[in-house]
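Read the structure below first, then the notes.
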């Protein structure tokens, strides 16, 4: 199973968007699922329900940090290169979905952007567009792993 397939399965198992993407990649980097869930828990709902930066994007950034963030913090060139990679990931998501802001993504799908998490029901999964954002973010990161972003 690819990381993007795992990410979608994670979302349908009840994980938030950030947990879904981050965990799909973190387990391959030696982080336990339990630790990955805990590390990324606050990022769901657009940063703790604030509906700001999409959790799928945040999870993608966190996974990118595991993959490429191991540089000397005093190395300005390495930090600059890493930040440029993060920007490319962000712009790839924006190119696909027009925004990286959770509330805007939900509003475009006529979903209420409330602070409290919704109960995960069949109706939730049918209406909510989040699985496609989770899949999109994970696929962008897969492409980056192939040096295509």
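In the UniProt record's numbering, the protein residues as written are 1 to 149.
Using N, Cα and C, we set each Cβ at its ideal position, and we do this for glycine too.
No experiment lies behind these values; they were computed from the predicted model shown.
Residue 93 is positioned such that its CB atom lies closer than 7 angstroms to that of residue 140. Beta-bridge partners assigned by DSSP to residue 53: 101.
Closest by C-alpha distance to residue 82, out of 54, 14, 8 and 64, is 64. In the assembly as shown, residue 105 is a buried residue. Its beta-carbon has 16 or more other beta-carbons within 10 Å. Residue 59 places its beta carbon less than 7 angstroms from that of residue 18. Looking at the backbone, the Cα of residue 114 and that of residue 126 are separated by about 18 angstroms.
The Cβ atoms of residue 52 and residue 44 do not sit closer than 7 angstroms to each other. An exposed status is given to residue 14, since fewer than 16 other beta-carbon atoms sit within 10 Å of its beta-carbon.
Within the segment 76 to 148, the runs of alpha helix (DSSP H) that reach at least 4 residues and sit entirely inside it are, in chain order, 76 to 97, 102 to 108, 122 to 127 and 130 to 145. By the Cβ neighbour-count rule, residue 26 is buried, with 16 or more other Cβ atoms within 10 Å of its own. Ranking 12, 7 and 2 by CA distance to the CA of residue 123 puts 12 first.
Spatial neighbours of residue 149 in its own chain (CB-CB distance under 6 angstroms, excluding positions within 5 residues in sequence) are listed in chain order as 88, 92 and 143.
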